[in-house]
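Novice: Using this note's numbering, the letters of the sequence shown map in sequence onto residues 15 to 493.
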Amino acid sequence: MQTTPVTIEHLPAVSPDMVLCGDGRRWRVERCVPWLAERLGVSVDSVCGRDVGHLFADSQPSLLELLRETVERDALLNDILLRLPDGSTHVRLDLEPLGLSEDYSAYRIAAYMRQVPRPGAVETTYGLVGSSSALREVLRKIGKYGPTDAAVVITGETGTGKELVAAALHQASPRSSGPFVAVNCSAISEELLESELFGHEKGAFTGAVRTHRGRFERADGGTLFLDEIGDMPLHTQTRLLRVLETGRIERVGAEREQQVDVRIVAATNVPLERAVGNGRFRADLYHRISVLRIHLPPLRERKEDIPALVDFFLDRFNRKYGKVVKRLTPEAMALLESYLWPGNIRELRNVLERVYIETESEVIGARAFAEWVRERQDFAPGEWGTAPSSQTPIAPPFPLVSERKLLDAGTTPLLAPRAVEQVPRPSTRPANLDEESIRAAFRAAGGNIAAAARILGVHRATLYRHLQKLGLDRESLQG
15 MQTTPVTIEH
25 LPAVSPDMVL
35 CGDGRRWRVE
45 RCVPWLAERL
55 GVSVDSVCGR
65 DVGHLFADSQ
75 PSLLELLRET
85 VERDALLNDI
95 LLRLPDGSTH
105 VRLDLEPLGL
115 SEDYSAYRIA
125 AYMRQVPRPG
135 AVETTYGLVG
145 SSSALREVLR
155 KIGKYGPTDA
165 AVVITGETGT
175 GKELVAAALH
185 QASPRSSGPF
195 VAVNCSAISE
205 ELLESELFGH
215 EKGAFTGAVR
225 THRGRFERAD
235 GGTLFLDEIG
245 DMPLHTQTRL
255 LRVLETGRIE
265 RVGAEREQQV
275 DVRIVAATNV
285 PLERAVGNGR
295 FRADLYHRIS
305 VLRIHLPPLR
315 ERKEDIPALV
325 DFFLDRFNRK
335 YGKVVKRLTP
345 EAMALLESYL
355 WPGNIRELRN
365 VLERVYIETE
375 SEVIGARAFA
385 EWVRERQDFA
395 PGEWGTAPSS
405 QTPIAPPFPL
415 VSERKLLDAG
425 TTPLLAPRAV
435 EQVPRPSTRP
445 ANLDEESIRA
455 AFRAAGGNIA
465 AAARILGVHR
475 ATLYRHLQKL
485 GLDRESLQG
């Protein structure tokens, strides 16, 4: 069967999102991009060869019927609104006939898909939600950097969505039809990390009972995302640098190298520049991987995105739990916008899910967050937990001790009846009670000595002793 050449100007990408092979009755997947495999609930490695009728059993309209129509017409079938089996993802589908396979045993069809928001759903770009200027700058860089093959380092605090940005860079690249493989360098023991990255041969070490393909091999032709690269051991950094320079890997215990074609995207929440200065990260590797850089702003710096994120998560929870919660009241939204979000978007999602599960109405009010608010009001920013000295964050995880508490009781009138003086807990942090710190805490507490003591992490009596020692009193602090 011969195909008629078709020129389509509006196809969304040169490379199709999926290529299907079949005899007109049964179809299998020949190739599939990572984002689509994720929506289908299968891994990129296992999707090839899978039965289309099984994978798309619940699609609306039936993908098998659309494929049959494409074969019968032997012409492009375009702009079909298709709901994927996950029930939440809608795409605009174009099916382009590619003709018979080389051995004439199967007919091949290319599928191009453009994701569209579900009616009433929050629109996202590469899964990133919001319209703040900070997020628009991130999206601009994704659009500029994605089509290149240059290495990218993504910086930002934990919970800001660094892996989403890495996946977006892959999706925006010519490698989008290849695999996207992620590895967390801090989640794998130092002894196993090299084997996980580069693979090993059977019998290479005790416990190596079979040959193992490393992440580089699995990412061949696609993108490898190295999360928390700042925690990678030095000897592994040396091997990684050689792979990046030569494009060749050698499995642990192997006697020969093999070529791989991989783009590197790395992420870190520690300052690599400082790690280089401390001798914990190779300078030559730093220059090799940080050709391009994208910084993800913390949620406290893009609070205008919180309403869109809330709507996005409520929509997700409605589908997950089968309930209907439409919105938050203005007071509840103002409460969330007053918080500093040290855990960023991940923390926002978890807080909303907690309150969502407990609510029985279609609207969530501020009082639903009362228990969570009382928990957070017990924390001053410096008490939340600090990173070890070797893991100093790129940016402070939240404003410094001298600024304000994570959640100020003055912004939460729902707790006014309970806003009584609490006995400060002993602090495990050494008190930094010089005059400058005391004055800053006093200002941040609005002139309240007890609140200033909580900010500094000491008992009020301890603060009074230091005031006496420094010759300070309330009047001089106010001055």
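Glycine is no exception: its CB is placed at the ideal position from the N, C-alpha and C atoms. Fair warning: this is a prediction, and the values are worked out from it, not measured in the lab.
1. Please confirm if the stretch 373-393 is in contact with the stretch 193-200, defined as three or more CB-CB distances below 8 Å between the two stretches.
2. Where does ARG39 fall in DSSP's three states?
3. In whole angstroms, what separates the C-alpha of THR162 from that of THR260?
4. Give every residue of the same chain whose Cβ lies closer than 7 Å to the Cβ of LEU484, excluding the five residues on either side of it in the sequence, and list them in chain order.
5. To test your reading of the DSSP string, which unbroken beta strand (DSSP E) runs of 3 or more residues are found completely within the stretch 254-306?
6. Taking the alpha-carbon of ASN332 as reference, which of ALA124, THR373, HIS301 and LYS317 has the nearest alpha-carbon?
7. For the beta strand (DSSP E) containing LEU96, list its first residue and its last residue.
8. DSSP three-state call for PRO500: helix, strand or coil?
9. Looking at GLU208: is its Cβ nearer than 8 Å to the Cβ of ARG253?
10. By a C-beta neighbour count over all protein chains shown, 10 Å radius and 16 as the cutoff for buried, is GLN251 buried or exposed?
11. Sorted by chain position, which residues of the same chain lie with C-beta nearer than 6 Å to PRO444's C-beta, five sequence neighbours on each side aside?
12. Confirm, please, whether the CB-CB distance from LEU178 to ILE126 is below 8 Å.
13. Do ALA164 and VAL305 have their beta-carbon atoms positioned less than 8 Å apart in this structure?
14. Could you pull the DSSP bridge partners for VAL377 from this structure?
15. Is it buried or exposed for ARG227, if we count other Cβ within 10 angstroms and need 16 for buried?
16. Under 8 Å by Cβ, that's how I've got GLU361 and GLY144 pegged, so tell me the actual separation to the nearest angstrom.
17. Name the residue from ARG224, VAL284 and LEU491 whose alpha carbon lies nearest to the alpha carbon of ILE243.
18. What residue does the beta strand (DSSP E) around GLU110 start on, and which one ends it?
19. Check this for me: beta carbons of LEU107 and LEU90, under 8 Å apart or not?
20. Given that a residue counts as buried once 16 or more other Cβ atoms are within 10 Å of its Cβ, and exposed if not, what is SER115?
21. Would you mind working out which of GLU351, GLU86 and LEU98 sits nearest GLY67, comparing C-alpha positions?
22. Please list, in chain order, all residues of the same chain as ILE300 whose beta carbon is under 6 Å from its beta carbon, the five residues on each side excluded.
23. Using only alpha-carbon positions, find the residue among SER29, GLY63, ASN462 and VAL56 that is nearest to TRP41.
24. Does DSSP classify ILE202 as helix, strand or coil?
25. Using 8 Å as the threshold, is the stretch 314-332 in touch with the stretch 362-370, meaning 3 or more CB pairs across them?
26. Check ARG1 in the structure and name its three-state DSSP category.
27. Pull the bridge partners of ALA124 from the DSSP assignment, please.
28. Would ASP241 pass as a contact of ALA281 if the rule is Cβ separation under 8 Å?
29. Could you give the first and the last residue of the continuous alpha helix (DSSP H) run that contains ASP325?
30. Short check: CB of SER147 to CB of ASP319, under 8 Å?
31. Could you check if ARG390 is buried or exposed, using at least 16 other CB atoms within 10 Å of its CB as the buried criterion?
32. Measure the alpha-carbon distance for TYR118 versus GLU83 and round it to whole angstroms.
33. Please report the distance separating the alpha-carbon of VAL279 from that of ASP59.
34. If you follow the alpha helix (DSSP H) that THR162 is in, where does it begin and where does it stop?
35. Give me the Cα-Cα distance between GLU264 and GLU231, rounded to the nearest whole angstrom.
36. Using a threshold of 8 Å, state whether the C-beta atoms of LEU81 and GLY36 are closer than that.
Specialist: Looking at the atomic coordinates:
1. no
2. The residue you call residue 39 lines up with position 25 of the sequence shown. Looking at ARG39 - three-state DSSP - the assignment turns out to be coil, as it is neither helix nor strand.
3. As a first step, residue 162 is located in the sequence shown; it is residue number 148 there, counting from the start. As a first step, residue 260 is located in the sequence shown; it is residue number 246 there, counting from the start. Using only the alpha carbons, I get a separation of about 19 Å.
4. As a working mapping, residue 484 is identified with position 470 in the sequence shown. Closer than 7 Å at the Cβ level, and outside the excluded window around LEU484, lie GLU449.
5. 277-282
6. Against the sequence shown, residue 332 aligns to sequence position 318. Checked all of ALA124, THR373, HIS301 and LYS317; the closest Cα to ASN332 is THR373.
7. Numbered from 1 along the sequence shown, position 82 holds the residue referred to as residue 96. From DSSP, the beta strand (DSSP E) with LEU96 extends over 91-97.
8. Since the displayed the chain opens at 15 and closes at 493, residue 500 lies outside it and no answer follows.
9. Translated into positions along the sequence shown, residue 208 becomes position 194. Translated into positions along the sequence shown, residue 253 becomes position 239. Yes. Within cutoff.
10. Taking the first residue of the sequence shown as position 1, residue 251 is located at position 237. The residue is buried, with at least 16 neighbouring Cβ atoms inside 10 Å.
11. To locate residue 444, count along the sequence shown from 1; it is residue 430. Because the pLDDT at PRO444 is just 40, under 50, the model does not fix this residue reliably, and the point stays unresolved.
12. Indexing the sequence shown from 1 puts residue 126 at position 112. Indexing the sequence shown from 1 puts residue 178 at position 164. Note that residue 126 is Tyr in the sequence shown here, rather than Ile. Result no, Cβ atoms of TYR126 and LEU178 do not sit closer than 8 Å.
13. Position 291 of the sequence shown, counted from the first residue, corresponds to residue 305. Position 150 of the sequence shown, counted from the first residue, corresponds to residue 164. For VAL305 and ALA164, yes; Cβs fall inside 8 Å.
14. In the sequence shown, the residue the question calls residue 377 occupies position 363. ARG341, per the DSSP bridge assignment.
15. For the purposes of this step, residue 227 is taken as residue 213 along the sequence shown, with counting starting at 1. Taking a 10 Å sphere around the C-beta of ARG227, we find fewer than 16 other C-beta atoms and assign the residue as exposed.
16. In the sequence shown, counting from the first residue as 1, residue 361 sits at position 347. In the sequence shown, counting from the first residue as 1, residue 144 sits at position 130. About 16 Å; that fails the 8 Å criterion.
17. For the purposes of this step, residue 243 is taken as residue 229 along the sequence shown, with counting starting at 1. When each option's Cα is compared against that of ILE243, the closest is VAL284.
18. On the sequence shown, position 96 is the one that residue 110 refers to. It spans 104-114 - the beta strand (DSSP E) in which GLU110 sits, taken as one unbroken run.
19. To locate residue 107, count along the sequence shown from 1; it is residue 93. To locate residue 90, count along the sequence shown from 1; it is residue 76. In this structure, LEU107 lies away from LEU90, with their beta-carbon atoms at least 8 Å apart.
20. For the purposes of this step, residue 115 is taken as residue 101 along the sequence shown, with counting starting at 1. Exposed is the call here.
21. Walking along the sequence shown from the start, residue 67 turns up at place 53. The residue with the shortest Cα to Cα distance from GLY67 is LEU98.
22. Mapped onto the sequence shown, residue 300 falls at position 286. The sequence shown places Tyr at residue 300, rather than the Ile named in the question. Excluding five sequence positions before and after TYR300, the CB atoms of its chain that fall closer than 6 Å to its own CB belong to LEU286 and VAL290, given in chain order.
23. Within the sequence shown, the letter at position 27 stands for residue 41. Closest option to TRP41, Cα to Cα, is GLY63.
24. On the sequence shown, position 188 is the one that residue 202 refers to. Three-state result, ILE202: coil.
25. Put simply, the stretch 314-332 touches the stretch 362-370. At least three CB pairs are less than 8 Å apart.
26. One cannot answer for residue 1 here, as it falls past the ends of the chain, which runs 15 to 493.
27. As a working mapping, residue 124 is identified with position 110 in the sequence shown. Note: ALA124 sits in a beta bridge opposite VAL33 and GLU110.
28. Within the sequence shown, residue 241 is the residue found at index 227, counting from 1. Within the sequence shown, residue 281 is the residue found at index 267, counting from 1. In this structure, ALA281 lies closer than 8 Å to ASP241 by Cβ.
29. As a first step, residue 325 must be located in the sequence shown, where it is residue number 311. Taken as a continuous stretch (DSSP letters only), the alpha helix (DSSP H) holding ASP325 covers 320-335.
30. Within the sequence shown, residue 147 is the residue found at index 133, counting from 1. Within the sequence shown, residue 319 is the residue found at index 305, counting from 1. 8 Å or more divides the Cβ of SER147 from the Cβ of ASP319.
31. Counting from 1 along the sequence shown, the entry for residue 390 is found at position 376. By the neighbour-count rule (16 or more Cβ atoms within 10 Å), ARG390 is buried.
32. In the sequence shown, residue 118 corresponds to position 104, counting from 1. In the sequence shown, residue 83 corresponds to position 69, counting from 1. Cα to Cα, TYR118 sits roughly 20 Å from GLU83.
33. Here residue 279 corresponds to residue number 265 of the sequence shown, with the count starting at 1. Here residue 59 corresponds to residue number 45 of the sequence shown, with the count starting at 1. Taking the straight line from one Cα to the other gives about 20 Å.
34. Within the sequence shown, numbered from 1, the residue matching residue 162 stands at position 148. First-last for THR162: undefined, no H or E at that position.
35. Numbered from 1 along the sequence shown, position 250 holds the residue referred to as residue 264. Numbered from 1 along the sequence shown, position 217 holds the residue referred to as residue 231. GLU264 and GLU231: Cα-Cα distance of roughly 10 Å.
36. In the sequence shown, counting from the first residue as 1, residue 81 sits at position 67. In the sequence shown, counting from the first residue as 1, residue 36 sits at position 22. Yes, Cβ-Cβ distance for LEU81 and GLY36 is below 8 Å.
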